[in-house]
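Have a look at the structure below, then the notes.
Number of protein chains: 2
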Amino acid sequence: MNNKFIIAVDAMGGEGSPKKVLDGISIFCEKNNDIFFKIFGDKNLIEKNISKKVNKDRYDIIHTDDFVKDEDSAFMGAKNKKTSMWLAVESVKNKEANIVISAGNTGALFVIAKLNIEMIDKIDKPALSGLWPNKLGMNVVLDLGANIECSEKNLLDFSIMGTSLFKSLFPSEEAKVALLNIGSEEGKGNETIKNTYQRLSTVKKNFIFKGYVEGNNIMTGDVNVIITDGFTGNIALKTAEGTASFITSELKKILTSNFLGKFSSIINMKNLNKFKDKLDPRKYNGAILIGLKSPVVKSHGSTDSVGFSNSLSVCEKIIKGNLIDKIKENINDIY
Amino acid sequence: MNNKFIIAVDAMGGEGSPKKVLDGISIFCEKNNDIFFKIFGDKNLIEKNISKKVNKDRYDIIHTDDFVKDEDSAFMGAKNKKTSMWLAVESVKNKEANIVISAGNTGALFVIAKLNIEMIDKIDKPALSGLWPNKLGMNVVLDLGANIECSEKNLLDFSIMGTSLFKSLFPSEEAKVALLNIGSEEGKGNETIKNTYQRLSTVKKNFIFKGYVEGNNIMTGDVNVIITDGFTGNIALKTAEGTASFITSELKKILTSNFLGKFSSIINMKNLNKFKDKLDPRKYNGAILIGLKSPVVKSHGSTDSVGFSNSLSVCEKIIKGNLIDKIKENINDIY
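Respectively, the protein sequence lines represent chains Y and R. Letter by letter, the first sequence follows residues 160 to 494 of the working numbering. Letter by letter, the second sequence follows residues 160 to 494 of the working numbering.
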């Protein structure tokens, strides 16, 4: 690896690939000049689709004919060791890149990542973490679905990893950790959560432990690193997505239901667009599998080039923020 | 019990009680004339606060000096057998009322209910169910927090009870049941959910079983009876509440952030109010504890008189829809 930071990109995954992935790289390169890309996939297609605006010294193309299909099972997708996804992950394992990103098959990506990349010492399970807006800025939430059942040790690990991720992404802010629970009083929740609460209250730590957070307070900004098992986290995230989509579609329907409504919505278009922008899911695009010795970033399969470029920014912050070193350091402090 | 339908009301629970409870009764009585109220609480206060519009032959006041405080623990609140809450629940046990409602201490209400009222035969645990809007109408969702951990048998019971509640509230609609899960494919989720899926696919039933529903599809209207354990249900419900509150406050802030915005929002006020009305939580007020031989309705403590009157409508529909008989019938069909 030379002195540049290198992102390994699986160009062949997700809707509209490779074009949306390559356009995402192009958008990203407009505001960045110290990241180099290793792009894995069909060389012909990539050369045809990559923007002329991206200077040729910014990337290498590593050709392969094979790619993981979106409809493959995780196991099937991980079987072929010549897919663009496998090769991209392998390049991180071989230290030829600092981080890997794919918009392709989530299950296959995680299996391939776990097969190739070692766990960080003292961490039992990797977790899927994501960004979630709150009134003051952004939360890091994990686990979002990698582990259906989690032990006290897992949740403790997630607190360390979540804090490290938060500090890599937002270095000037203080990490405020809370456990997602069904009440804010100490006696609430199941045994695992209650035991984790006790541990987090007493261990030496580099974050503020704020106790429990209930679902209705995820977005108030009082806490910014939210810890939960993968089942609950996945349900919470998707319920929030569904609620947002329900409300915005009802709003649109009602605001434009008559002439006066349409007219005043046009006057207020600039504000309405600001609102849309604030809730734009492309801003929060990119789930991060952490716990392995290299982070693996999963872009949403249905996002567009702007969304993909935002996940490239997440990759950049993770590399430059030394996420893995931060986790190693903090985990050694606690155990 | 005479031929009228009777609702036992704990007048002393929740913010702004007894006035908001009594105003709720007054609003309800404007559109209903066959429900009689037994009102439990401080007679002096009740007589002073009840509207003259409510005819005296519509209610009895049962005086007691004692009431459960909002800050009491469930156990403390359930200790005194002379509180308005205890007496109201007891009147249902003694068949002096068809249903009981309180806006007071939730934990105490459930303990008092379980101490006084028997379980329906063959049902193992009562569940807390609630209404949740979807694009086409309304969902019934349970459990919302009564049982942190649930077995396959519990989830099966909840399906029967949820369907019976749905049919009592919306007799002309078909019940479409789904299990809340982190994926829609058959192999997803934990063992309990997968086993329940198998059972629900094969048992004789009076509802359509739609398999799994993910959090983002709770509000699409494809299903309308959603089954989950109390931990997950509580997190999902509160996350939806938090998301709705975040979005509407952002919308308000942005829409009125400048003169043009304020001006056009005034023009569009009628539509904006329609939007507010559609999302008005008072419409969905009232959680129902089902599984006992009499249903117990919990109004939100912080709702107002309109919200309370809406939960009285839920009580009315439950009585007239013969909820308990429906559950007994359907449970006998399945076991």
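Backbone N, C-alpha and C define an ideal beta-carbon position, used for all residues, glycine too.
As assigned by DSSP and simplified to three states, the class of residue i
i, result
"Y/Ile-493", "helix"
"Y/Gly-266", "helix"
"R/Thr-242", "strand"
"Y/Ala-334", "coil"
"Y/Ser-288", "strand"
"R/Gly-200", "strand"
"R/Met-378", "coil"
"R/Asp-169", "strand"
"R/Gly-348", "coil"
"R/Ser-176", "coil"
"R/Leu-396", "helix"
"R/Asp-484", "helix"
"Y/Ala-446", "strand"
"Y/Asn-192", "coil"
"Y/Ile-279", "coil"
"R/Phe-303", "The residue you asked about is not Phe; residue 303 of chain R is Leu in the sequence shown. The answer is coil: DSSP assigns R/Leu-303 none of H, G, I, E or B."
"Y/Lys-369", "strand"
"R/Met-160", "Low confidence applies here, because R/Met-160 scores a pLDDT of 46, under 50, leaving its location unreliable and the question unanswered by this model."
"R/Ser-261", "strand"
"R/Ser-310", "coil"
"Y/Lys-437", "helix"
"Y/Asp-219", "strand"
"R/Asp-225", "strand"
"Y/Ile-341", "coil"
"R/Lys-326", "helix"
"Y/Asn-469", "helix"
"R/Cys-474", "helix"
"Y/Val-455", "strand"
"Y/Ser-360", "helix"
"Y/Lys-479", "helix"
"Y/Ile-205", "helix"
Cβ-Cβ separation, residue j to residue i (assumed contact under 8 Å), whole Å
i, j, result
"R/Ser-288", "R/Gly-321", "6 Å"
"R/Asn-306", "R/Asp-216", "Not a contact, Cβ separation roughly 41 Å."
"Y/Phe-329", "Y/Val-384", "The pair is not a contact, with the Cβ atoms about 10 Å apart (cut-off 8 Å)."
"R/Ser-470", "R/Ile-184", "About 11 Å; that fails the 8 Å criterion."
"R/Asn-257", "R/Ile-478", "5 Å"
"Y/Leu-338", "Y/Ile-386", "5 Å"
"R/Lys-163", "R/Phe-199", "Rounded, the Cβ-Cβ distance is 18 Å, inconsistent with contact."
"Y/Asn-530", "R/Ile-341", "What the structure shows of chain Y is the stretch from 160 to 494, and residue 530 of chain Y is not part of that stretch, so it cannot be assessed."
"Y/Gly-236", "Y/Ala-267", "3 Å"
"Y/Ala-167", "Y/Val-270", "At roughly 17 Å, the Cβ-Cβ gap does not stay under 8 Å, so Y/Ala-167 and Y/Val-270 are not in contact."
"Y/Asn-349", "R/Glu-308", "7 Å"
"Y/Asp-283", "Y/Asp-316", "6 Å"
Neighbour-count burial assignment, residue i, 16 or more Cβ in a 10 Å radius
i, result
"R/Met-278", "exposed"
"Y/Ser-408", "exposed"
"R/Leu-274", "exposed"
"Y/Thr-402", "buried"
"R/Tyr-443", "buried"
"Y/Asn-253", "exposed"
"R/Glu-174", "exposed"
"Y/Lys-179", "buried"
"R/Asp-492", "exposed"
"R/Asn-313", "buried"
"Y/Asp-169", "buried"
"Y/Ile-373", "Here residue 373 of chain Y turns out to be Glu, not Ile, going by the sequence shown. Burial call: buried."
"R/Glu-249", "buried"
"Y/Asp-219", "exposed"
"Y/Asn-298", "buried"
"Y/Asn-376", "buried"
"Y/Lys-240", "exposed"
The ligand MG heavy atom lying under 6 Å from the CB of residue i
i, result
"Y/Gly-466", "Inclusion of the ligand MG in the displayed structure is not the case, the ligand content being empty and no account of it being possible."
If you measure beta-carbon to beta-carbon, which residues of the region 233-257 of chain R are closer than 7 Å to chain Y?
Result list empty, no residue passes.
Between the region 353-383 of chain R and chain Y, which residues of the former have CB atoms less than 7 Å from a CB of the latter, in chain order?
The region 353-383 of chain R vs chain Y, Cβ under 7 Å: Glu-373, Gly-374, Asn-375, Asn-376, Ile-377 and Met-378.
Name, going along the chain, the residues of the region 296-325 of chain Y whose beta-carbon falls closer than 9 Å to a beta-carbon of chain R.
Going along the region 296-325 of chain Y in chain order, one finds Gly-304, Ile-307 and Glu-308 with a Cβ nearer than 9 Å to chain R.
Pairing CB atoms from the region 289-300 of chain Y with CB atoms from the region 261-268 of chain Y, are three or more of them under 8 Å?
Judged by Cβ distances under 8 Å, the region 289-300 of chain Y makes no contact with the region 261-268 of chain Y, as fewer than three pairs qualify.
Contact between the region 453-469 of chain R and the region 473-493 of chain Y is defined here as three or more beta-carbon pairs at a separation below 8 Å; is this criterion met?
In short, these stretches do not touch, since the Cβ pair count stays below three.
Pair every Cβ in the region 230-237 of chain R with every Cβ in the region 188-199 of chain R, then say whether three or more of these pairs are closer than 8 Å.
Contact between the region 230-237 of chain R and the region 188-199 of chain R is absent, because fewer than three Cβ pairs lie under 8 Å.
Give the residues from the region 262-273 of chain Y that approach chain R closer than 8 Å (Cβ to any Cβ), ordered along the chain.
Against chain R - using a Cβ distance shorter than 8 Å - the region 262-273 of chain Y contributes no residues.
Which of the residues in the region 206-228 of chain R, read from start to end, lie with their CB under 8 Å from any CB of chain Y?
Contacts with chain Y (Cβ-Cβ distance below 8 Å) from the region 206-228 of chain R involve no residue at all.
Using a Cβ cut-off of 9 Å, which residues of the region 172-184 of chain R contact any Cβ in chain Y, in chain order?
If the cut-off is 9 Å between Cβ atoms, the region 172-184 of chain R has nothing near chain Y.
Going along the region 389-406 of chain R in order, which residues come within less than 8 Å of chain Y, judged by CB to CB distance?
So the close ones are Gly-389, Phe-390, Thr-391, Asn-393, Ile-394, Ala-395, Leu-396, Lys-397, Thr-398, Ala-399, Glu-400, Gly-401, Thr-402, Ala-403, Ser-404, Phe-405 and Ile-406.
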